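J.:
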Amino acid sequence: MAEAEQRPDPARARDRRAAEKAAARARMQQQHTWVDLQVQQAIERGDFDNLPGAGKPIEGLGETHDPDWWVKKLVEREQIAVLPPSLQLRKEDGELDARLDKLATEAEVRAAVEDFNARVIHARYSTPQGPPLVTMPRDVDATVAAWAERRAARRRASAAASPTPPGSRRRWRWRRR
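Counting the sequence shown from 1 gives a position; my numbering is that position plus 56.
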């Protein structure tokens, strides 16, 4: 008799599953009502007034489905250029002086040039992907010297453009409060 009491009754289990499904269905209907209520209240408050794009057609609605649409939008929005390594290094080589001019110390410039050279050398000894690599590593000392020369020229130009004569310096005094 104890064995029969411990065994679940199939009819009772079926009723319990049906009751759970009915409760889940009721919760879903209630959830739709709650969401509709929240949207209606937001409309009454004016939360949806003057949204950007209001009254304009939805972009790309009539086009065919492209599974990579989000990648293309990301590339367009972030202005990402995906180039083969040889072209990327050629582009970086052309922009390297401008990037170095933004650095403050010689150690930072040296590290940036050495990093560039390491990537060029790695690309030279790896399997070519895309057009051939024509970019050469830069001479670190010559590049640092050119950076120092450009920096000195910028300082001379800013000193010449400043209204105060170079001999008169403004002295700062510390004040106690």
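Idealized CB from N, CA, C, for every residue including glycine. Keep in mind the model is a prediction, meaning the values are calculated, not measured.
So which of L93, Q185 and A198 has the shortest CA-CA distance to P141?
T.: Here residue 141 refers to the residue found at position 85 when the sequence shown is read from its first residue. The shortest C-alpha separation from P141 is found at Q185.
J.: Compute the beta-carbon to beta-carbon distance between N46 and R194, rounded to the nearest angstrom, for a pair I have assumed lies under 8 Å.
T.: Shown here, the chain extends from 57 to 233; a query on residue 46 therefore has no answer.
J.: Taking 7 Å as the cut-off, decide whether the C-beta atoms of V176 and T191 are in contact.
T.: Walking along the sequence shown from the start, residue 176 turns up at place 120. Walking along the sequence shown from the start, residue 191 turns up at place 135. Remark: C-beta atoms of V176 and T191 approach each other more closely than 7 Å.
J.: Alpha carbon to alpha carbon, what distance is there between E164 and D197?
T.: Counting from one through the sequence shown, the residue named residue 197 turns up at place 141. Counting from one through the sequence shown, the residue named residue 164 turns up at place 108. Spanning the two alpha carbons is a distance of roughly 13 Å.
J.: Return the Cβ separation of L156 and W203 in integer angstroms, given the expectation that the two are a contact with Cβ distance under 8 Å.
T.: Position 100 of the sequence shown holds residue 156. Position 147 of the sequence shown holds residue 203. 5 Å between Cβ atoms; contact.
J.: Which of the three DSSP states, helix, strand or coil, is assigned to D71?
T.: Position 15 of the sequence shown, counted from the first residue, corresponds to residue 71. Looking at D71 - three-state DSSP - the assignment turns out to be helix.
J.: Taking 7 Å as the limit between beta carbons, can you name the residues of its chain near E148, skipping five residues before and five after?
T.: For this step, residue 148 is matched to residue 92 along the sequence shown. Answer for E148: F172, listed in chain order.
J.: If I follow the unbroken alpha helix (DSSP H) through T199, where does it start and stop?
T.: Locating residue 199 in the sequence shown gives position 143, counting from the first residue. For T199, the enclosing alpha helix (DSSP H) has its first and last residue at V196 to A217.
J.: Look up W90 in the DSSP assignment and say whether it is helix, strand or coil.
T.: As a position in the sequence shown, residue 90 is number 34, starting the count at 1. In the structure shown, W90 sits in a helix (DSSP, three-state: H, G or I).
J.: Might you give, ordered along the chain, the residues of its own chain that have their beta carbon closer than 6 Å to the beta carbon of A110, omitting 5 neighbours on each side?
T.: For the purposes of this step, residue 110 is taken as residue 54 along the sequence shown, with counting starting at 1. Taken in chain order, the list of residues that qualify is empty.
J.: Check Q96 in the structure and name its three-state DSSP category.
T.: Numbered from its first residue, the sequence shown carries residue 96 at position 40. Note: Q96 maps to helix in three-state DSSP.
J.: For E162 versus V127, is the C-beta spacing smaller than 7 Å?
T.: For the purposes of this step, residue 162 is taken as the residue at position 106 of the sequence shown. For the purposes of this step, residue 127 is taken as the residue at position 71 of the sequence shown. 7 Å or more divides the Cβ of E162 from the Cβ of V127.
J.: Would you mind giving the Cβ-Cβ distance between P187 and L152, rounded to the nearest angstrom? I have them listed as a contact below 8 Å.
T.: One-based indexing of the sequence shown puts residue 187 at position 131. One-based indexing of the sequence shown puts residue 152 at position 96. At roughly 19 Å, the Cβ-Cβ gap does not stay under 8 Å, so P187 and L152 are not in contact.
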